[in-house]
Amino acid sequence: MALDSITLYHLLKELEPVLVGTRIDKIQQPEKEEVHLLLRSPGKNLRLLLNAGSTSARLHLTEQNKKNPVSPPMFCMILRKHLEGGKIIGISQSGLERIITLTVQNYNERGDLQDYQLILEVMGKHSNLILVDPQTNIVLDGIRRYSHLLSRHREVLPGRLYISPPSQHKAEAVSDEQKWMSVILGYPLDRKVCDVLVNLFDGISPELAKELVLRACLELDVLLDNCGQIDLSRLFQAYSFFLLAKQDTAVDPCVYYQSGRDKNMPAAFTFIPYVQYEGLKLQKTSFLNDAVDLYYTQRMTSQKNEAKKGSLRKIVQDHFAHVSKKDGIYRETISKAQKGLKAQKLGELLTANLYQLSPGMEEVTVEDYTDPDYKPVTIGLDPNLTGIDNAQRYYKTYNKAKATIRKTEPLQETAQEEMNYLQTLTLSIDQAENDIELNEIYQELIDQGYISKKQDKHVTKKKPSAGKEQNSFSQPHVYLSKSGKTILVGRNNKQNDRMTWREAKPGDLWLHVKNIPGSHVIVPLSEEEEFPDDNTLLDAAALAIYFSQARGSSHVPVDYTHVRQIKKPRGAKPGMVVYEQNWSLLLTPEQDAIERLLATEQQITR
Numbered sequence: 000m001a002l003d004s005i006t007l008y009h010l011l012k013e014l015e016p017v018l019v020g021t022r023i024d025k026i027q028q029p030e031k032e033e034v035h036l037l038l039r040s041p042g043k044n045l046r047l048l049l050n051a052g053s054t055s056a057r058l059h060l061t062e063q064n065k066k067n068p069v070s071p072p073m074f075c076m077i078l079r080k081h082l083e084g085g086k087i088i089g090i091s092q093s094g095l096e097r098i099i100t101l102t103v104q105n106y107n108e109r110g111d112l113q114d115y116q117l118i119l120e121v122m123g124k125h126s127n128l129i130l131v132d133p134q135t136n137i138v139l140d141g142i143r144r145y146s147h148l149l150s151r152h153r154e155v156l157p158g159r160l161y162i163s164p165p166s167q168h169k170a171e172a173v174s175d176e177q178k179w180m181s182v183i184l185g186y187p188l189d190r191k192v193c194d195v196l197v198n199l200f201d202g203i204s205p206e207l208a209k210e211l212v213l214r215a216c217l218e219l220d221v222l223l224d225n226c227g228q229i230d231l232s233r234l235f236q237a238y239s240f241f242l243l244a245k246q247d248t249a250v251d252p253c254v255y256y257q258s259g260r261d262k263n264m265p266a267a268f269t270f271i272p273y274v275q276y277e278g279l280k281l282q283k284t285s286f287l288n289d290a291v292d293l294y295y296t297q298r299m300t301s302q303k304n305e306a307k308k309g310s311l312r313k314i315v316q317d318h319f320a321h322v323s324k325k326d327g328i329y330r331e332t333i334s335k336a337q338k339g340l341k342a343q344k345l346g347e348l349l350t351a352n353l354y355q356l357s358p359g360m361e362e363v364t365v366e367d368y369t370d371p372d373y374k375p376v377t378i379g380l381d382p383n384l385t386g387i388d389n390a391q392r393y394y395k396t397y398n399k400a401k402a403t404i405r406k407t408e409p410l411q412e413t414a415q416e417e418m419n420y421l422q423t424l425t426l427s428i429d430q431a432e433n434d435i436e437l438n439e440i441y442q443e444l445i446d447q448g449y450i451s452k453k454q455d456k457h458v459t460k461k462k463p464s465a466g467k468e469q470n471s472f473s474q475p476h477v478y479l480s481k482s483g484k485t486i487l488v489g490r491n492n493k494q495n496d497r498m499t500w501r502e503a504k505p506g507d508l509w510l511h512v513k514n515i516p517g518s519h520v521i522v523p524l525s526e527e528e529e530f531p532d533d534n535t536l537l538d539a540a541a542l543a544i545y546f547s548q549a550r551g552s553s554h555v556p557v558d559y560t561h562v563r564q565i566k567k568p569r570g571a572k573p574g575m576v577v578y579e580q581n582w583s584l585l586l587t588p589e590q591d592a593i594e595r596l597l598a599t600e601q602q603i604t605r
């Protein structure tokens, strides 16, 4: 989601009284297209972030302190030269364009007081941050430099005149309803109303166009030709509310979140609740700046975590492919060897019919005395061997096949167990929600030898302090059943082990989907309870299915037993357990029940 003109208007309206009068204490450029101004005002310090990235151009106050490069980039040094120690005396928006001008007053090299303009252009892939001398309108530098080879309209180079981005020649805010209708009806009638609004009027983004259409009680894909007088009148009222009466709008900032597995990924931020995002989880903030900061901070964190997930997933998939190939070879070897087991019977038939064999015979047909009908069996012979030697040849083939199976079956079982384990790792990666959980999985890959210690570049090696050591690992999901009982769900293999072996009591109930990778689920029970109530048992089973590879399946078998029945074989990998005494149930979780359970998630504080 881009920072649109109307949201920018309300953001600057909020920031102006905070920023004007502050002094620029330090300037940092932690990223290629991002600058931080560290501001000082009586009683408080502020950090203003200005980003000119193609997908994240914006400005807002933040508390996020990013790591800076050892040597500051040239643009950062230019900003420090002209702006450090200066006072912000103004911040403005160019009409409804997404161009913000920060005016800074500072002493120049001659000791004279001078104004400087730091201009942020929020224009998608053409976004830029440019320092300009307003007295001469000369560009002092830009975070993105380019010449006429890249842009025919203008150059952004030190010493060149500053030229504003090309106008899109859209209609400015129209306050008269009849004039507004004449403008909109002058557009081809076979176009969607959303597209017409974006293409015709200044300050309307695709998101805002959708909101205007929905607030006018129209369908998103409605064509202009299908709109009557009343429809257009309602559309104008929505337009007026957002663009004409914007100065009177009371902001009620919201951050909306995606649904499903990406529930921690922000979907949008708005200065008031938007109709188009109804149904999505939202978080309200006191200030619009906080909503913008929260959106981008959480989104960047989620994107970094997704990148980590991709790296971890590739490591696991590569090992799974390798083990799967070995498993296929073992299975093929066993399959071929099983054919050799038939040689024992042929050797026994030859031994029983030695009297029928003569030197030089290439085959012999004998009765199969193991068959109820004594069907004839033709056995191939080596004419250069005696009958006894031919029988011994078949016995040797049988013994070799038997030995092959005896050696290969354990290897195949080990490969299958490793494949099952790697599938649990894949599930843990998919379900991981934060950096702590991903680091736990990464460390598990190192511990199990899938990543050599020489390759270990991502896991923090800093030893946690004594006060933080107990919180240095992730905590399980905690949900409440329909009856109000607590249900614990492990997030990864290490946490499954920790929850089952260290935190659960012997009498607690343990659940897991049958023969499918998934999370351990624990229902804590009192000493008087042997089993939870039926609602809690079904809810716990539903969560076991949801947090497994069986998510979305029907009639899923779920095993449950008491923790005292769970055993961990010597040398077993994390999360791997065995049990003998258990009960099972078949369940098809209802989506409403899952959503109800997920909505009850509790936070563990330790």
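Residue numbers (numbering that gives the first Met the number 0): 0 to 605.
Even glycine gets a Cβ: it sits at the ideal position worked out from N, Cα and C.
On a predicted model such as this, the values are computed, not experimentally measured, just so you know.
If we ignore side chains and look at the alpha-carbon of each, how far apart do residue i and residue j end up?
i      : j      : result
Ile333 : Ile404 : 6 Å
Pro272 : Pro265 : 15 Å
Leu585 : Glu579 : 18 Å
Gly278 : Ile450 : 42 Å
Thr21  : Glu15  : 11 Å
Tyr368 : Gly327 : 37 Å
Thr248 : Leu45  : 26 Å
Lys262 : Thr407 : 45 Å
Tyr420 : Met575 : 8 Å
Val458 : Tyr106 : Any reading at Val458 needs caution, since the residue's pLDDT is 46, under 50, leaving its predicted position unreliable; the model's value is listed next. Roughly 46 Å separates the two Cα atoms.
Per the DSSP calculation, residue i is bridged to which residue(s)?
i      : result
Asp132 : Ile137
Leu550 : Reading the sequence as shown, one finds Arg at residue 550 and not Leu. According to DSSP, which records beta bridges pairwise, Arg550 is partnered with nothing at all.
Val197 : Answer is none; Val197 lacks a bridge partner.
Glu362 : Gly379
Ala351 : None; Ala351 has no bridge partner.
Tyr256 : Pro265, Lys280
Ile404 : Per DSSP, none; premise fails for Ile404.
Trp582 : Tyr559
Ile77  : According to DSSP, Ile77 bridges with nothing at all.
Tyr106 : Leu112
Ile142 : Note: Ile142 sits in no beta bridge, so no partner.
Leu184 : According to DSSP, Leu184 bridges with nothing at all.
Gln601 : Val477
Any idea what DSSP makes of residue i, helix, strand or coil?
i      : result
Ser606 : Here the chain covers residues 0 to 605 and nothing more, so residue 606 does not appear.
Leu7   : helix
Tyr161 : coil
Gln447 : coil
Thr499 : helix
Val273 : Before going on, a small fix: residue 273 reads as Tyr here, not Val. The answer is coil: DSSP assigns Tyr273 none of H, G, I, E or B.
Asn225 : helix
His511 : strand
Ser357 : coil
Val212 : helix
Val192 : helix
Leu487 : strand
Asn419 : helix
Thr54  : coil
Val522 : strand
Beta strand (DSSP E) containing residue i: first to last residue?
i      : result
His35  : 33-40
Thr120 : Note on identity: in this sequence residue 120 is Glu, with Thr being the wrong assignment. 112-120 is the extent of the beta strand (DSSP E) around Glu120.
Lys375 : In the sequence as displayed, the identity of residue 375 is Pro instead of Lys. Unbroken beta strand (DSSP E) run through Pro375: 375-379.
His561 : 555-561
Gln27  : 22-30
Tyr478 : 476-479
Leu219 : Unbroken run through Leu219: none, as it is neither H nor E.
Arg46  : 43-50
Can you name the start and end residues of the alpha helix (DSSP H) that residue i belongs to?
i      : result
His318 : 287-339
Arg57  : First-last for Arg57: 57-60, but that is the beta strand (DSSP E), not the alpha helix (DSSP H).
Tyr545 : 533-545
Ser91  : Element bounds for Ser91: not the alpha helix (DSSP H) but the beta strand (DSSP E), 86-92.
Please identify the residue among the options whose C-alpha is closest to the C-alpha of residue i.
i      : options                        : result
Asp201 : Val221, Ala172, Lys209         : Ala172
Asp370 : Pro358, Lys344, Asn383         : Lys344
Pro71  : Thr364, Asn44, His318, His35   : His35
Lys324 : Leu410, Glu305, Lys566         : Leu410
Leu139 : Leu149, Arg57, Ser163, Ile77   : Ile77
Thr377 : Glu361, Val322, Arg392, Asn263 : Glu361
Ile445 : His318, Lys401, Tyr397         : His318
Val315 : Thr423, Leu199, Leu597, Val363 : Thr423
Leu7   : Val121, Pro531, His321         : Val121
His554 : Lys513, Val520, Leu524         : Lys513
Pro523 : Asp532, Leu510, Lys504, Leu537 : Lys504
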